[in-house]
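Our numbering puts the first residue of the sequence shown at 55, with every later residue one more than the last. Note that beta-carbon positions come from the ideal geometry of N, C-alpha and C, so glycine has one too. This one's a predicted model, so the numbers in the text were calculated from it and none came from an experiment. First the structure, in the form of structure tokens, and then the observations on it.
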Amino acid sequence: MLELILSLFITPSNAPVSNYSTVVTTLQRIQAENPTTSQMIDIGVSDSGQNIVALKIGDGETADLIVATHHGNEYGSTAVAMGAAEAFAKNPIKGHTVYVVPVLNISGFDARSRYERTSNGSLDQNRDYPGPCITGKPFKSKATKALADFIAKANIVSSATLHTHWPAVLYPWGFSTNDVSTKDDATFIQLSKDAVVESGYDVGNSKELLYAADGAFEDYAYWQHGIWSLLFEMGTTHTPSESQMKQMVEVNVPGLRRFLENAPKQRAADHAFTGKCDRNMIQRTHLE
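Okay, here's the thing in structure tokens:
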């Protein structure tokens with residue numbers, strides 16, 4: 055099945071060919087091969103009018119989320135999400151229910167564009183969430199609002215958002231502030247280290263190791279709900295080859311499993327941001 059998943063994204067000329075419908079079909083195939091452990095669900099409807107599909111895996115009390123492709127050009131993250139869906143469906147995490155969303159930005163994924171086309175124009179989904187330092191209006195995308203509603207309704211405890219381009223696993227805070235420490239830094243650091251045993255990726259605070267970004271899902275999930283939220287930046291390019299994607303799947307799927315297994319079984323209790331925003335801080339928008 056891994057070979058089939060990887061073949062969705064690459065032609066012999068190394069050009070990505072997959073579209074959202076093929077991802078959905080493959081997810082349906084994973085579900086059909088694992089009917090007792092997995093179930094296809096919809097978490098909402100995108101601005102393009104398409105259902106945002108997820109694979110629900112397991113039936114444990116602790117609910118977790120893996121979501122890929124906030125940025126539509128990062129198809130390598132979709133491949134890793136699909137690899138995780140297959141692996142977890144075959145061998146669910148005991149005591150957990152894991153929801154895997156392989157593509158959040160459907161129109162961007164089909165166009166191989168970072169941005170989603172919405173009724174509010176072209177936008178970056180991973181700058182569209184509420185946060186203590188944002189200045190604009192959040193939830194201009196139906197997809198980001200649907201995901202936000204879903205994590206509240208499903209009582210998600212831990213989440214992994216998947217991106218490509220920079221080999222690191224990152225934790226909050228990552229927005230425009232110099233006060234980057236949380237009350238849970240020690241737990242986040244250990245969980246991040248758990249996640250990179252196979253990959254050897256860097257581990258660190260999102261803002262300090264990468265750059266400041268206001269309105270990102272990772273900060274929102276922890277700030278709003280106390281969700282144990284990690285950002286997986288995988289590989290070294292937005293256009294990985296089949297062999298590079300295979301390696302990304304092989305080293306990150308075990309790390310995702312270990313992160314979810316070892317994370318606390320309850321949301322963080324003290325997750326408020328008490329620092330100061332720095333409106334003059336330069337933000338980056340074109341890497342993750």
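- Secondary structure at K194: coil, using DSSP grouped into helix, strand and coil.
- One alpha carbon belongs to L109, the other to A249, and they sit about 21 Å apart.
- Between the alpha carbons of T91 and Y153 lies a distance of about 12 Å.
- Taking all protein chains in view, the Cβ of K261 is crowded by 16 or more other Cβ atoms within 10 Å, so the residue is classified as buried.
- Here the alpha carbons of L60 and E296 stand approximately 6 Å from one another.
- D96 sits in a strand when the DSSP states are folded into three classes.
- Secondary structure at S213: strand, using DSSP grouped into helix, strand and coil.
- Rounded to the nearest whole angstrom, the C-alpha separation of D273 and V223 is 14 Å.
- DSSP lists T172 as the beta-bridge partner residues of G175.
- The beta carbons of V251 and G289 sit no closer together than 8 Å.
- Minimum Cα-Cα distance from I205 among the listed residues V155, G190 and S167 corresponds to V155.
- In this chain, the alpha helix (DSSP H) harbouring A141 covers Y129 to K144.
- Per DSSP, reduced to three states, the secondary structure at V78 is helical.
- E128 has its alpha-carbon roughly 25 Å from the corresponding atom of I243.
- A buried status is given to Q85, since no fewer than 16 other beta-carbon atoms sit within 10 Å of its beta-carbon.
- Taking 8 Å as the cut-off, the Cβ atoms of T218 and P294 count as close.
- Taking 8 Å as the cut-off, the Cβ atoms of S246 and L314 do not count as close.
- The straight-line gap separating the alpha-carbon atoms of I188 and G269 is approximately 6 Å.
- Listed in chain order, the non-local C-beta contacts of A275 below 6 Å within the same chain comprise S213, I281 and S283, local neighbours out to five positions each way being set aside.
- Bounds of the alpha helix (DSSP H) holding V307 are E296 to N316.
- Judged by beta-carbon spacing, C331 lies beyond the 8 Å limit of T236, meaning their Cβ atoms are not closer than that value.
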